[in-house]
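This report refers to the structure that appears directly beneath it.
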Amino acid sequence: MIEKRITVAKGDGIGPEIMDATLAIIKAAGAKLEIEEIEVGEKVYLSGNTSGISGDAWDSIRNNKVFLKAPITTPQGGGYKSLNVTMRKSLGLFANVRPCVSYDPYVRTKHPELDVVIIRENEEDLYAGIEHQQTDEVVQCLKLISRPGCEKIIRYAFEYARAYGRKKVSCFTKDNIMKQTDGMFHKIFNEIAPEYPDIETDHWIIDIGTARLADTPEIFDVIVTLNLYGDVLSDITAQISGSVGLGGSANIGASCSMFEAVHGSAPDIAGKNIANPSGLLKGAILMLNHLGQSDVATKVENAWLVTLEQGIHTGDIFKEGISTRKVGTAEFAEAVISNLANKPQYLNAVNYETGADFPLPVYKRSTPANKVLKGVDVFVDWSGGTPDDLGAILQNLNGNAELIMITNRGVKVWPDGMEETFCTDHWRCRYQAPDNADLKKEDILEILQKAIEHKVDVIKTENLYEFDGVRGYSLGQGQ
Ligand code: NAD
326 MIEKRITVAK GDGIGPEIMD ATLAIIKAAG AKLEIEEIEV GEKVYLSGNT SGISGDAWDS
386 IRNNKVFLKA PITTPQGGGY KSLNVTMRKS LGLFANVRPC VSYDPYVRTK HPELDVVIIR
446 ENEEDLYAGI EHQQTDEVVQ CLKLISRPGC EKIIRYAFEY ARAYGRKKVS CFTKDNIMKQ
506 TDGMFHKIFN EIAPEYPDIE TDHWIIDIGT ARLADTPEIF DVIVTLNLYG DVLSDITAQI
566 SGSVGLGGSA NIGASCSMFE AVHGSAPDIA GKNIANPSGL LKGAILMLNH LGQSDVATKV
626 ENAWLVTLEQ GIHTGDIFKE GISTRKVGTA EFAEAVISNL ANKPQYLNAV NYETGADFPL
686 PVYKRSTPAN KVLKGVDVFV DWSGGTPDDL GAILQNLNGN AELIMITNRG VKVWPDGMEE
746 TFCTDHWRCR YQAPDNADLK KEDILEILQK AIEHKVDVIK TENLYEFDGV RGYSLGQGQ
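End of the sequence shown sits at 804 in this note's numbering; the numbers just go up one at a time, nothing left out.
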C-alpha cells in the first residue's frame, strides 16, 4: 500500500496527548501515513491571526487533502472566528458524518442497541450566518437551502449506507411548516431514494423523529438532515449512546476532508495524562476508511473494543464493578496496541474491509426552469396604528400591482384580520397584478417610488416567482 501524506494538528489543551496516543495506535496497526504537522488554534489566534490558521497551514491541508485535527481552544471575545466553521466553508466540507454506537455494559447507556450514523449537511441552512436587524423590534436570519446542497448530502447518505452495509436511510425535516426550504430537502430525498432500491427509506418530521430517536434509537440506522437539525441530533445521539467523549466525526468535501473528535480541548485536564483518546481515535478510524486503509481501521477499532471489554478505562468512563484498571492516556494507548491482534468477544466486532471508501456524488446542473415574476412582497417598518390603518396607507402605492394582503410575522392581518393577533412593527405587504397577470420590474419600482412619496419606510422587497408554472413562495397563514 502506498504511503499517504496527511496534515496533522495537535491542537490545544489535551490535544497533543490524545494525538500522540492516536498516532501511536494507528502506526502500530500498520497505517501507511506520512505526517506533516501544522500549528492551528490558540497560539495562532493569540499571535494576532483572528482565523486561527496561517497561510502555510492552509497550503499543507490543501496539498495533502486529508487533515486529522485535535481539538483547539477558541479564545473568548476579541473577534476570533471559529476555525471549524471556516474550514467547513472554505474547503467545501459539505458532509458531517458522526457514527454513534453504544458499548453497554462497558459504557453505561439506557440504549444498549443504539447504532446510528448522523449525516448532517454542513455548509448551508441558517449557518450561512446572514442576519439583519430590520426594525426596532425584529431581526431576521436567512435560511438558505440549495438544490446542489440537498442533492450532494442526500446522495452521500445513500452511498455511505451502501458502502457500510447499512439497511435504511431516514430523512428528518420540518416540511409541514417550511414547505419551500425543508420541502425541497424532502422532495429531493424522494427523487433520489428510488436510485437505491436496496436501501429502505422513511421520512420523519424533526420533532417526533427526534423524540423517537431519544426513546427508541434502535429503529434508526442512517439519518440524513439539514445543518441545524443535524447539529442538535448528533449531540443528542452521541450523548444517549453513553458518552460524547467517545465519538469521532468526519467532515467530507469533494477534494479535502477533516477528521476529529467530537469533544473539545478540555483545558481543565490538560497535561495530566488522564484524557481519553478514544474520540480522536474514532476520528482517525473514519480517516483510515476514507483513505481506503479499511483493513487497518478494522484492526484498530476491534483492538479498541477489546480494551473496553477488558475494563481498561480512562478516568472519564471508569466505573467500579465494570472497570478493572484505571489508566492514563499513554497507558490506554499501550493497551490498545497490545490488543491489535485480538477481536472482541461480547461487543460487535467491526469489519470495514468491504470498500468503505466510495466515490463522492457529483452534482449535475439541470436546464433552468422558466421563471416568471408574479408579484412582490414589500416589507415595511411601521408602528402607526391598526392593520386597517396601514392597509389604507399602502393602497396609495397601488399601480399596475395592487395590495392583496398584509401579514405580521407571517399571519394575515389585512384584509379581514383578527383583533386578537399581536402585531410587531414589521409588516409584509404583498402586491400582485390583477387577474394573475405577470409583473414587471418597473411595477416594483413604481411601488417603491410611491412609498417614498407617502413616507412609507420600506426595509426590503422579495420578488414572487413561478418556476415552470409552480408557485415558488409561501402563502400567508390564513390567506
Ligand atoms: P470540552 O469537550 O473540552 O470539555 C467538556 C468536559 O468534558 C470537561 O469536563 C472535560 O474535562 C471533559 N472531556 C472532554 N474531552 C475529554 C476527554 N477526551 N477525556 C476526558 N474528559 C474529557 O468542552 P468545553 O469545556 O465546552 O470546551 C473547551 C474548549 O474546547 C473551548 O475553547 C471550546 O471552544 C473548544 N472546543 C473545540 C472543539 C473542536 O476543536 N472541535 C469542539 C468543542 C469545543
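Ideal Cβ positions, reconstructed from N, Cα and C, are used throughout, including at glycine.
Secondary structure of Asn374 (DSSP, three-state): coil.
Applying a distance threshold of 5 Å between residue Cβ atoms and the heavy atoms of the ligand NAD selects Pro396, Ile397, Thr398, Thr399, Gly570, His588, Gly589, Ser590, Ala591, Asp593, Ile594, Ala600, Asn601 and Asp641, given in chain order. Spatial neighbours of Ile479 in its own chain (CB-CB distance under 7 Å, excluding positions within 5 residues in sequence) are listed in chain order as Ile513, Phe514, Ile517 and Val549. Exposed is the label assigned to His779, since fewer than 16 other Cβ atoms lie within 10 Å of its Cβ. The residue from Asp768, Asp540, Thr506 and Arg491 with its alpha-carbon nearest to that of Glu525 is Arg491. Here the alpha carbons of Thr411 and Val631 stand approximately 37 Å from one another.
In the structure shown, Pro759 falls within a helical segment according to DSSP collapsed to helix, strand and coil. In the assembly as shown, Met743 is an exposed residue. Its beta-carbon has fewer than 16 other beta-carbons within 10 Å. A direct Cα-to-Cα measurement between Trp739 and Ser495 gives close to 40 Å.
According to the DSSP assignment, His528 belongs to no alpha helix (DSSP H) but to the beta strand (DSSP E) extending over Glu525 to Ile530.
Taking a C-beta distance under 8 Å as the contact criterion, Phe483 and Tyr521 qualify as a contact pair. Taken through DSSP and simplified to helix, strand or coil, Ile729 comes out as strand.
Inclusion of Val441 and Gly567 in the CB contact set at 8 Å is not warranted, their separation being larger than that value. Assigned with DSSP and collapsed to three states, Thr550 falls in strand.
A residue is called buried once 16 or more other Cβ atoms fall within 10 Å of its Cβ, and Cys581 is buried on that count.
Only residues of its own chain outside the window of five on either side were considered, and among them Thr332, Ile386 and Met583 have a CB closer than 6 Å to the CB of Phe392, listed in chain order. Contact check for Ser574 against Asn389 fails: the beta carbons are separated by 8 Å or more. Contact holds between the stretch 717-725 and the stretch 773-787, because three or more Cβ pairs, one in each stretch, are under 8 Å apart. A Cβ-Cβ distance of about 12 Å is found for the pair Tyr481 and Ile443, leaving them out of contact under the 8 Å criterion. Per DSSP, Trp739 is one residue of the beta strand (DSSP E) stretching across Val736 to Trp739. DSSP lists Leu698 as the bridge partner or partners of Tyr790.
Distances from the alpha-carbon of Asp556 to those of Arg423, Ile530 and Gln505 put Arg423 closest. In this chain, the alpha helix (DSSP H) harbouring Pro712 covers Pro712 to Leu719. At least 8 Å separates the beta-carbon of Ala694 from that of Phe545.
Contact between Gly474 and Ala579 is absent: CB atoms are separated by about 13 Å, not below the 8 Å threshold. In this structure, Asn614 is the residue among Asn614, Asp593 and Gly572 with its C-alpha nearest to the C-alpha of Ile351. The stretch 780-787 makes contact with the stretch 699-707: 3 or more CB pairs, one atom from each, lie closer than 8 Å. Judged by pairs of C-beta atoms under 8 Å, the stretch 524-541 does not touch the stretch 451-471, as fewer than three such pairs exist.
For Ile397, there is no enclosing alpha helix (DSSP H), as DSSP marks it with neither H nor E. Ranked by Cα distance from Thr460, the options Trp752, Val795 and Ala758 are led by Trp752.
The Cβ atoms of Asp337 and Gly366 sit closer than 8 Å to each other. In the structure shown, Met509 adopts helical secondary structure according to DSSP, grouped into three states. According to DSSP, residue pairing for Pro424 in a beta bridge involves Val442. Scanning its chain for C-beta atoms nearer than 8 Å, with the 5 sequence neighbours on each side dropped, one finds around Asn552 the residues Arg445, Glu446, Asn447, Glu448, Glu449, Asp450, Leu451 and Tyr452, in chain order.
The Cβ-Cβ distance between Ser590 and Ile378 does not fall below 8 Å. Between Ala563 and Cys425 the beta-carbon gap is near 5 Å, inside 8 Å, which marks them as a contact.
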